[in-house]
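Worksheet for the structure shown next.
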Amino acid sequence: MSLLQSLSLGWQTDLIFPRFEGLVLERSDCVVVRTPSNPLFYWGNCLILPQVPADAELAYWLQRFDEEVGCHTRESGHVAIGFDASAPFEPLQSWQAAGFQLFATSQLELQAHLPRPLAAELPSAYFRFAPLDLSQPRQLDAAVELQCDSDDGQHEPEHFRLHRQRQMQRYAAMQAAGLGHWFGIWRGTQLVADCGLFRDGRLGRFQHVGTHPDWRRRGLCTALVEQVSAYGFGSMGLDRIIMCADPQDVAIGIYESIGYQRRSHCWGAQRPPPRDLQPQQRVQACSSST
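If you read the sequence shown in the numbering used here, its first letter stands for residue 507, the second for the next number, and so on.
See below:
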């Protein structure tokens, strides 16, 4: 089994996206991910390890990151190293002391042949579900606008908007290549919820599920994910769909109510750029699933 094949499905499906527009390189000790078109994207420019790094290995992995990724992303200055963990592990105290932020991501899976709850209906006739045509600038811009409105102030607005524009342009190219679709729920002419579903053969992966703050807690997210999942199995011919989410986020309960089951966790260790970089050179820390 190759190192790539040994990674969890969370990481394997994450590589669908940099493989399309960037580089995924298998080394003897790690997988190297680079996105030359977007060097400011943390998790498009990272290392992925098949196991938990040792606390004492910080210097080694900092050197390996600089050799494989950092030398190409000087304008960003970030460090991003992901890894799989099949069991609890000792705290990476040296890493945290060096400024790394550690976070877990739950991998959930839905299989086509398993029974699922009854389909979730849209809350009223005022809403409609439809795939977006990202070749149309107005529809792509509507998705970017919704994603910026839904960010809840987590990121610096100007940089986040640029990041989402670049990401949506990538998804538009992938859609044109037949690798997936972007979907939304509309209320009149306003896009109020959206997400993507892309594929690697018969394996699918969700991207960036979001609902406008003014329209949350109305069942839109549940209806969106359920209908997109049904579309994936019916129209895209998928056997399995992977969803990655923050294990502490309330949204994970929505996915489980639809039938998604937690399978494993993957972890990320990211360090923001040095404080002395100019603001326009700093990248916002974006999750590996978007």
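All C-beta atoms in this analysis are idealised placements derived from N, C-alpha and C, irrespective of residue type, glycine included.
What you are looking at is a predicted structure, and each value in this text was computed from that prediction instead of being measured.
Residue i versus residue j: straight-line alpha-carbon distance, rounded
| i | j | result |
| --- | --- | --- |
| Ala593 | Arg644 | 46 Å |
| Arg722 | Asp657 | 13 Å |
| Ala833 | Pro559 | The requested residue 833 does not occur in the structure, where the chain is confined to residues 507 to 796. |
| Ser543 | Arg670 | 13 Å |
| Ala610 | Gly588 | 10 Å |
| Glu581 | Arg622 | 46 Å |
| Ser630 | Ala729 | 11 Å |
| Leu509 | Val538 | 11 Å |
| Trp601 | Tyr737 | 42 Å |
| Phe712 | Gln696 | 22 Å |
| Met507 | Cys701 | 33 Å |
| Ala751 | Ile758 | 6 Å |
| Gly576 | Arg724 | 43 Å |
| Arg781 | Cys536 | Per-residue confidence for Arg781 stands at a pLDDT of 47, beneath the threshold of 50, marking its modelled position as unreliable; the derived number appears in the next sentence. So the two alpha carbons sit approximately 28 Å from each other. |
| Phe704 | Thr717 | 19 Å |
| Tyr566 | Leu513 | 21 Å |
| Asp639 | Gln569 | 43 Å |
| Arg768 | Asp745 | 17 Å |
| Asp706 | Pro778 | 31 Å |
Status (buried if at least 16 other CB within 10 Å, exposed otherwise) for residue i
| i | result |
| --- | --- |
| Val756 | exposed |
| Thr519 | buried |
| Ser612 | buried |
| Tyr677 | buried |
| Tyr766 | buried |
| Pro663 | exposed |
| Glu627 | exposed |
| Leu652 | buried |
| Ala648 | buried |
| Gly740 | exposed |
| Arg788 | Here Arg788 scores only 37 on pLDDT, less than 50, and its place in the model is too uncertain to base an answer on. |
| Tyr632 | exposed |
| Asp590 | buried |
For residue i, the residue or residues it bridges with in DSSP
| i | result |
| --- | --- |
| His771 | Ser612 |
| Asp639 | Answer by DSSP bridge pairing: none, since Asp639 is not bridged. |
| Cys701 | Phe689 |
The alpha helix (DSSP H) enclosing residue i, as first and last residue numbers
| i | result |
| --- | --- |
| His665 | 663-682 |
| Leu726 | 726-740 |
| Gly716 | No alpha helix (DSSP H) holds Gly716; the beta strand (DSSP E) holding it covers 709-717. |
Delimiting residues of the beta strand (DSSP E) encompassing residue i
| i | result |
| --- | --- |
| Ala751 | 746-751 |
Taking only runs of the beta strand (DSSP E) that begin and end inside the stretch 571-618, which ones reach a length of at least 3 residues, in chain order? 585-590, 607-617
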